[in-house]
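Asker: Below are the structure tokens for one structure; questions will follow.
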Amino acid sequence: MAYKRRKKRNPVPIGLLALIVALVVGFMTVMVQYEHVQNVQEEAARSSSSAAMAKKQAFVHRLAPYAQTLYANYGVLPSITLAQAILESNWGNSTLASQYHNLFGVKADANQSGRNLTTSEYVNGQWQTVTARFRVYSDDYASMREHAILLYQGTSWNRGQYAAVVKATDYETAAKALQSSGYATDPDYASKLIAIIKKYQLSDYDTKK
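Sequence positions in the sequence shown follow my numbering and run -11 to 197.
As structure tokens, then:
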């Protein structure tokens, strides 16, 4: 009686098997470490974002009560005052704001204390870096007060220059009036103010007593 011989299966070499296991374990280890790093980075980003938001809220909360006082005295909407301070000073972080308390980019006259600093202005259809002399204040509140007086009284050459800003009863009208009155050279100045007011709900301060 004939017997069929079974073909012997070639066993996987122990060295190759060990290599495969090592590769799998290594891959899993790398994936775990990657996920850990991702989690740490995401947590750091969340913490950084939370800290940045808290700093912005503190900036607004510090200035808002005085902005409301100035509104009662000079008629400038608090949302406009706050949005301009945010935009012009980069939340109080610009050199002009952090060192000289000038929150609104107000330039100095010949008889006023000031500092020469570089700034960007929109001239002849393009942005240019220029050097200008800016006002220096004792504190942020002095800057806010002079800003409100400027809008209320106008400039020395045009007392009614910002009359439409003061008369405005809503922030969109006021922001557009600021731009049309020539407060800033930026062609998108009004839209930037409006976006800031909407994003941070600054119009809430226009109705608070």
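Backbone N, C-alpha and C define an ideal beta-carbon position, used for all residues, glycine too.
For residue 120, does the three-state DSSP call read helix, strand or coil?
Answerer: Correct three-state label for residue 120: strand.
Asker: Pull up the distance between the alpha-carbon of residue 161 and that of residue 191, whole angstroms please.
Answerer: If I take the Cα positions, the gap works out to 13 Å.
Asker: What residues in its chain sit with their C-beta under 7 Å from that of residue 44, if we drop five residues either side in the sequence?
Answerer: If we look at residue 44 and ignore the five residues flanking it on each side, its Cβ neighbours are 79.
Asker: Using 8 Å for Cβ pairs, my map puts residue 110 next to residue 174. What's the rounded Cβ distance?
Answerer: That belief holds up - the Cβ atoms of residue 110 and residue 174 are roughly 5 Å apart, short of 8 Å.
Asker: When you compare each of 143, 169 and 133 to residue 59 by their alpha carbons, which one comes out closest?
Answerer: Of the listed residues, the one whose Cα sits closest to residue 59 is 133.
Asker: To the nearest whole angstrom, what separates the beta carbons of residue 204 and residue 92, a pair I think is in contact under 8 Å?
Answerer: The shown model of the chain, from -11 to 197, leaves out residue 204, and the question about it has no answer.
Asker: Considering only DSSP beta bridges, list what residue 105 is partnered with.
Answerer: According to DSSP, residue 105 bridges with 120.
Asker: Check for me: the alpha helix (DSSP H) holding residue 133 runs from which residue to which?
Answerer: Taken as a continuous stretch (DSSP letters only), the alpha helix (DSSP H) holding residue 133 covers 128 to 141.
Asker: In the DSSP output, which residue or residues are listed as bridge partners for residue 115?
Answerer: Note: residue 115 sits in a beta bridge opposite 110.
Asker: Can you say whether residue 69 is buried or exposed, counting buried as having 16 or more other CB atoms within 10 angstroms of its CB?
Answerer: Under this definition residue 69 is a buried residue.
Asker: I believe residue 129 touches residue 139 by the beta-carbon criterion, under 8 Å. Please report the beta-carbon distance rounded to the nearest angstrom.
Answerer: Wrong, their Cβ atoms sit about 16 Å apart, outside the cutoff.
Asker: To the nearest angstrom, how far is the alpha carbon of residue 8 from that of residue 17?
Answerer: C-alpha separation (whole angstroms): 14 Å.
Asker: Quick one: what does DSSP say residue 146 is sitting in, helix, strand or coil?
Answerer: Of the three classes helix, strand and coil, the one that applies to residue 146 here is strand, per DSSP.
Asker: Do the CB positions of residue 188 and residue 56 come within less than 8 Å of each other?
Answerer: No, Cβ-Cβ distance for residue 188 and residue 56 is not below 8 Å.
Asker: Can you tell me whether residue 24 is buried or exposed, with buried defined as 16 or more other CB within 10 angstroms of its CB?
Answerer: Its Cβ having fewer than 16 others within 10 Å, residue 24 is exposed.
Asker: Quick check: what's the CA-CA separation for residue 100 versus residue 125?
Answerer: Distance between the alpha carbons of residue 100 and residue 125 is about 10 Å.
Asker: What does the Cβ neighbour count give for residue 81, buried or exposed, with the cut at 16 atoms within 10 Å?
Answerer: Exposed, because fewer than 16 other Cβ atoms sit within 10 Å of the Cβ of residue 81.
Asker: Starting from the C-beta of residue 63, find all residues in its chain whose C-beta is less than 7 Å away, skip the five residues before and the five after it, and write them out in chain order.
Answerer: Cβ neighbours of residue 63 beyond the five flanking positions: 140 and 154.
Asker: For residue 185, which residues from the same chain have a beta carbon less than 7 Å from its beta carbon, with the 5 sequence-adjacent residues on both sides left out?
Answerer: These residues qualify, in order along the chain: 67, 71, 159 and 191.
Asker: From this set, 52, 108, 27 and 31, which residue's C-alpha is nearest residue 195's C-alpha?
Answerer: When each option's Cα is compared against that of residue 195, the closest is 52.
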